[in-house]
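Number of protein chains: 2
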Amino acid sequence: MPRIPRTARAAAFITILSLPLAAARADEGMWTFDAFPTAKMKADYGFAPDQAWLDRVRASAVRLTGGCSASFVSAIGLILTNHHCVASCLQDLSSDGSDYLKDGYIAHGRNEERLCPGQQAEVVTAIRDVSGAVKAAIGTASGLAAVKARTAAIARTEAAGCPDTATTRCQVVTLYGGGQYKLYTYRKYSDVRIVWAPESRAEQFGGDPDNFNFPRYALDGSFLRAYENGKPVTTPQHLTWAVRAPSDGEATFVVGNPGSTQRSQTGAQLAFAKEVSAPINVAIYSELRGRLIAAMAQSPERFRQGKEELDGVENSLKVYIGRVKAFNDPVFMGRIAAAEADLRAKSAGNAAIGDPWADAATAVAAYRDLYLPTRFIRPQGDLYGYASKLVRASEERAKPNDHRLPGYSDSALPLIEKQVLDDRPITPWVDQLMLEWSLSKAREYLGPDDADAKLMLGKESPEGLAARLVAGTRMGDPAYRKQLWVGGKAAVDASTDPMIVLARRLDLRDRALQALADERYDGPLTAARAKIADARFAAYGDTLYPDATFTLRISYGKVAGWNERGRMVPTRTLMGGIYDRATGAPPFDLPTAFVTNRARIDPRITYDFITTNDIIGGNSGSPVIDRSGAVIGAAFDGNIHSLAGNYGYDGSNNRTVAVSTAALEEALKHIYPAPALLAELHEK
Amino acid sequence: MPRIPRTARAAAFITILSLPLAAARADEGMWTFDAFPTAKMKADYGFAPDQAWLDRVRASAVRLTGGCSASFVSAIGLILTNHHCVASCLQDLSSDGSDYLKDGYIAHGRNEERLCPGQQAEVVTAIRDVSGAVKAAIGTASGLAAVKARTAAIARTEAAGCPDTATTRCQVVTLYGGGQYKLYTYRKYSDVRIVWAPESRAEQFGGDPDNFNFPRYALDGSFLRAYENGKPVTTPQHLTWAVRAPSDGEATFVVGNPGSTQRSQTGAQLAFAKEVSAPINVAIYSELRGRLIAAMAQSPERFRQGKEELDGVENSLKVYIGRVKAFNDPVFMGRIAAAEADLRAKSAGNAAIGDPWADAATAVAAYRDLYLPTRFIRPQGDLYGYASKLVRASEERAKPNDHRLPGYSDSALPLIEKQVLDDRPITPWVDQLMLEWSLSKAREYLGPDDADAKLMLGKESPEGLAARLVAGTRMGDPAYRKQLWVGGKAAVDASTDPMIVLARRLDLRDRALQALADERYDGPLTAARAKIADARFAAYGDTLYPDATFTLRISYGKVAGWNERGRMVPTRTLMGGIYDRATGAPPFDLPTAFVTNRARIDPRITYDFITTNDIIGGNSGSPVIDRSGAVIGAAFDGNIHSLAGNYGYDGSNNRTVAVSTAALEEALKHIYPAPALLAELHEK
């Protein structure tokens, strides 16, 4: 889980402005570092970390722009994260002759540490409240005007905060649905290299069947290193590598970047997700899964090429299916409805609040009419993605910074530029499959006679258009992309590349749709939800945490099992257990190195373990930290009950799944030996 | 639509015992021939057919055991049905060298009329009420005992009714959820041959995007002929072939075999479908669709081989997606809930009724625990289907007739034998794909550690097991199937065929699950629903029709458009319209013969048209009959609003889609010329 897969981007398109349901209970909460609930934790656990602890941990926490979390674990830029967070890098570096997903990757010396295309590491250095400035800029504007004023204010604030865009990045984050705006400043490292990764089979033991399940036997850990000017960066602030088994009940912290939650959506928003978007996601991603499975079955090379995309799709799909299940659970939905009813009752008669729930319902009703075109106007695939970014960036860069669309401000452009220009291999058949699938689903849901469907397809079929575009485009060539990036609007406008031609046509419509959505949905909804935030603070005080926004959070909890239909699930698996569970058939076949090194592996070492920490997709790779501030594991999944985590947390059975540092240590010693790395981890 | 595709068999596994919601309104209703609502139709339309009309039409109506409807249209056994009802036959008769789906099929003389494997035509000759005998046999038994008593009584009644199983078939049909049992006697014809079919592209113009939509340009008509002893059968009772455009507003009758509806499910049953089964169906059939699409894309030959399976899957999937949409429509669901509330209010205080809704809820709650194993214990694919039928038949045939499982009584065995023994080509990769998909979904939903999943897979993977079974089985060989059929239980028990070995293992568990379901679900539910039927008759009198059961029904309605978001959809398309709508790209590419014969085709002829008749899957191929009893079209689809037809009918926008006899006539004359057939249709 906790990844934000590439293919799920479209689903995340709706701007997320959220609030938690009510005061957080038990171990619930993805807290910001500037508002750690010290009193609450002390009440729950008898202690809480002090400011020095929090500062040290925050300085060690790394965000990976690919959609994961991580941490520094040595003084020379060594980064611990999940294997599935580097899978895309391993895939990019592989070819038919060398398959680093299959075989793993061990750099023997710095010269073998290889750049991960498109990857960037970021560390928070400051958090500043800029609510006043942003809210003042919005003033009494509404609809599209309010969205534009907010976007402009954010762009100005970010530009002013980070004049040096080569080593810093500024990001204004909207918290509490517009209740707060905070400026996050990051030290960024845009040269990130792969150091160590086990066989994919060691991470994927149990495959999709075991994903989001426990007991689990997955070695989902890897190491990267941040570089600058061709040298490893110095990272005096890093976590201590603790090699010990976690104790049942001990307190644990998970520090990372949960991607997004919608725990404080109004009933109208939830109804929209339940009735409209979730069923579509389940149907279309199921079909994509089937297309990939059958296309990959044609040859081992195709299997290798499609594997990472399929993993991402299956992961997203499981989340969507879990959500649909939650939507169809009257108890779960009743709890959410009751929380909203409680807040509305507490706010009744407060004239300053009014009825923002009705306003939100009106906005959502308007969005229902815009949803299908908005959802399907962006074909999928890396090649189209390049074209789309080049087209939009060329338009936006020609405007003043504070007139641009969100995501194209001066502070955001360097990462887009890196993503567009980095050399990454393209697998044409995967791209063609993604394009064909997304075009065919667009036609299916919009209807063949729909104007937007015709805008995409003209008189061509999805199959014919996808084949023509992939065969004819030069988007796979980084030199050509650079030419268009450097050439700007004139070069992009003059291009006859068929992918660029399509992207130009669709971008116009995309902007028009976005403007409509801003006017009728995003603008009114932000205003409504800012009021709901006020209502919530008035009702529940400051024991609230904001919905997740892929920014740094800290969650506290403990090592604990859960009761599964009358039976307690133990807190951990042991390394020897994998041999009992293996069947010999994929995905329950042993990793090669586990077979050859069996005699050397201590079967009693804790492999994976579970905690009550509250996490979600984006948290993948987050360090699991003990009371002393040392790292004892890397979070890589949630259990099946956590699939509804987008909408709520249930401490009785929602669990984080982590791989232990003890298991990684054993792997570095005996399974995928890396003595220099081991020494580095233990350097004082 | 209106087909019951092979792949949807599993979904139809739950025994359907149903009642309509309340008194039928407007053109709602799938009426039995022995209870035509003469008074109601007279009130609505100012006339109603007399008994002679009904008798003549009934004698002309044909049921095709492949899951379709049809009618005799000449005195020598000529049968009109849909093209998509003969697609499986065309597929079976094709090979790499001759593709009758692609090119169409025209028999030039009787000797070219070729047998459709597995197909059987049946005509109702009598309907007799046997409720007394069946209910007496059940007596006061409950649970499994009640189910067994009912099954035995039905087997005895059928055996007594049709001593000659070579030319007749008897079937006791459960109507009104156990409120009535009726014995249907059929004259059967087990030698059915293909006579005429257009290019598949003519039927499939618009493909899946246009399926369940209108306007429509589909030539979904074909002709078969019933044979006996090597000669065409004599059918003096047949419909007159009327070649004329339908008039707007004229009364129409659709006579055919709607497969199944659940319009009178209790709230608990509906909640189960909404919360549990429908989301699973959407997910797994979407994935199957994707697997087939990608596998077929590998070569034109694979495309040909997989096409019919894919069409069936896409058709079912669209129905499931439509149902999920209906479930998520508060207005639709509110109407159903209100109808149940009304009936419960009307029945309150009636001691003889009690609270059968609570009993039904208890039964459904028990079934929730049995659903997943029941749903997934039967792997898919033709080869496994043969093995499974051979295993079960060998067990059941060894028992006395009235001790057998439903479907294996003496009256049912001849059709099973025909289905198992008829020579049909197998496409191993399609079979392997179906098997792999169904095994992998079984493991996904049951979980890899589940006992039933292990019973299926042992230590193998779905991929490995599917490959081994398909490579090793002899189920594709009709001679070997015959050997096992004739050899009976001893031969089947001794077989080491891997598919038989798996089927033996799973059949045991399947029986055990079925017995549990009979005891806790089917038995109690039947008792509850018989009481609900009593309540409904008491409340609404005899203006009710039973839920569909793939038995002969008649629906009356009229030629009418509907209001689509403020715009009236016209009642028909004209043949010339296809040229305007064609884009040149599949599935909007013109059929070859429409291109070459364009000058000869009269563009003003009515192509497809819509009526308010109430139909559902199974009605495909039903004649659309005018007031005089002449056939003016063949129903082949419903519009998008009719997708919720399983649960309710809405006369304001639910429409039947039919191909006109005028268009078929034009095709027989100028597009796919068949002068002898044309002459036969017009013979007096």
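As they're listed, the protein sequences go chains A and B.
Using the numbering used here, you'd call the opening residue of the first sequence number 246 and step up by one each time.
Using the numbering used here, you'd call the opening residue of the second sequence number 246 and step up by one each time.
Backbone N, C-alpha and C fix where the C-beta goes; we use that ideal spot for every residue, glycine too.
Note that the structure is a prediction, hence the values are computed from the model and not measured.
Put B/Met1017 into one of helix, strand or coil per three-state DSSP. Missing from the structure shown is residue 1017 of chain B; chain B here goes from 246 to 929 and no further.
Short-range partners of chain A found in the segment 529–562 of chain B, where Cβ spacing is below 9 Å: Ile529, Tyr530, Ser531, Glu532, Leu533, Arg534, Gly535, Arg536, Leu537, Ile538, Ala539, Ala540, Met541, Ala542, Gln543, Leu562
Give me the chain B residues within the contact set of A/Gly829, using Cβ-Cβ distance strictly less than 7 Å, ordered along the chain. Near A/Gly829 (Cβ distances below 7 Å), the residues of chain B are Lys704.
Taking 7 Å as the cut-off, does the CB of A/Lys380 come closer than this to any heavy atom belonging to the ligand NAP? What this structure holds is no ligand at all, so the ligand NAP is not there to describe.
Let me make sure I understand the geometry here. Which of B/Gly512, B/Cys361, B/Leu926, B/Ala716 has the alpha-carbon closest to that of B/Phe577? B/Gly512
Hey, could you find the ends of the alpha helix (DSSP H) B/Pro645 is sitting in? Where B/Pro645 is concerned, there is no enclosing alpha helix (DSSP H), given that its DSSP letter is neither H nor E.
Using a beta-carbon distance cut-off of less than 8 Å, what residues from the segment 441–456 of chain A approach chain B? Gly451, Asp453, Pro454, Asp455
If you compare alpha carbons, which of A/Ala775, A/Leu913, A/Gly322 is closest to A/Ile846? Of the residues A/Ala775, A/Leu913, A/Gly322, the one whose Cα lies closest to the Cα of A/Ile846 is A/Leu913.
Could you give the residue range of the alpha helix (DSSP H) that holds B/Met275? First-last for B/Met275: undefined, no H or E at that position.
Tell me whether B/Ser509 sits in a helix, a strand or coil according to DSSP, three-state version. coil
For B/Leu266, count the other beta carbons within 10 Å of its own beta carbon; 16 or more makes it buried, fewer makes it exposed. Which is it? Here B/Leu266 scores only 41 on pLDDT, less than 50, and its place in the model should not be relied on; the value that follows carries that caveat. By the 10 Å Cβ count, B/Leu266 comes out buried.
Please identify, using Cβ separations under 7 Å, the residues of the segment 566–582 of chain B that lie next to chain A, in order along the chain. Ile566, Val569, Asn573
Pick from A/Pro832, A/Pro848, A/Asp895 that is closest to A/Asp455, judged by C-alpha positions: A/Pro832
Would you kindly work out how many angstroms separate the C-alpha atoms of B/Met275 and B/Leu747, rounded to a whole number? Roughly 41 Å between the two C-alpha positions.
Using only CA atoms, which one of B/Arg774, B/Glu662, B/Gln625 lies nearest to B/Asp792? B/Arg774
Is the Cβ-Cβ distance between A/Arg438 and A/Thr412 less than 8 Å? If you check the CB distance, A/Arg438 and A/Thr412 do not come in under 8 Å.
Selection from B/Thr430, B/Gly451, B/Tyr472 that minimises the alpha carbon distance to B/Thr828: B/Gly451
Mind pulling the chain A residues with CB within less than 9 Å of B/Gly709? Ala830, Pro831
Give me, in chain order, the residues of the same chain whose beta-carbon lies closer than 6 Å to that of A/Glu910; leave out the 5 immediate sequence neighbours on both sides. Val488
Do A/Gly535 and B/Arg536 count as a contact pair if the criterion is CB distance below 8 Å? Contact flag set, yes.
Report the rounded CA-to-CA distance for B/Asp465 versus B/Glu559, giving the unit in angstroms. 17 Å
Mind listing the chain A neighbours of B/Glu689? Cutoff is C-beta to C-beta under 8 Å, in chain order. Asp453, Pro454
Are A/Gln664 and A/Gly363 closer than 8 Å when you measure CB to CB? It is a contact, given that the beta carbons lie within the stated cut-off.
With DSSP as the reference, identify every bridge partner of B/Gln425, one or two as the case may be. B/Leu420
With distances taken between CB atoms, is the gap from A/Asp627 to A/Asp676 smaller than 8 Å? yes
Does the beta carbon of A/Glu910 sit closer than 8 Å to a beta carbon anywhere in chain B? A/Glu910 does not count as touching chain B.
For the structure I just gave you, are there three or more beta carbon pairs, one from the segment 547–565 of chain A and one from the segment 502–510 of chain A, closer than 8 Å? no
Quick one: which chain A residues come within Cβ less than 8 Å of B/Val527? Pro524, Val527, Ala528, Ser531
For B/Ala523, name the three-state secondary structure that DSSP assigns. helix
A/Gly873: buried (16+ other C-beta within 10 angstroms of its C-beta) or exposed? The question names Gly, yet the displayed sequence has Ser at residue 873 of chain A. So A/Ser873 ends up on the exposed side.
Could you confirm whether any beta carbon from chain A is found closer than 8 Å to the beta carbon of B/Lys519? Under the 8 Å criterion on CB atoms, B/Lys519 is classed as interfacial with respect to chain A.
B/Pro503 at chain A interface by Cβ criterion, 8 Å: no
Give the C-beta separation of B/Val440 and B/Glu358 to the nearest angstrom, bearing in mind that I take them to be a contact with Cβ-Cβ under 8 Å. Contact holds; Cβ gap of about 5 Å.
Alpha carbon to alpha carbon, what distance is there between A/Ile860 and A/Phe468? 21 Å
Relative to chain B, which residues along the segment 717–748 of chain A have a C-beta separation below 7 Å, given in chain order? none
Check the Cβ-Cβ distances between A/Asn673 and every residue of chain B, and say whether any is below 8 Å. A small correction: the amino acid at residue 673 of chain A is Pro; Asn does not occupy that position in the sequence shown. No, its Cβ sits nowhere closer than 8 Å to a Cβ of chain B.
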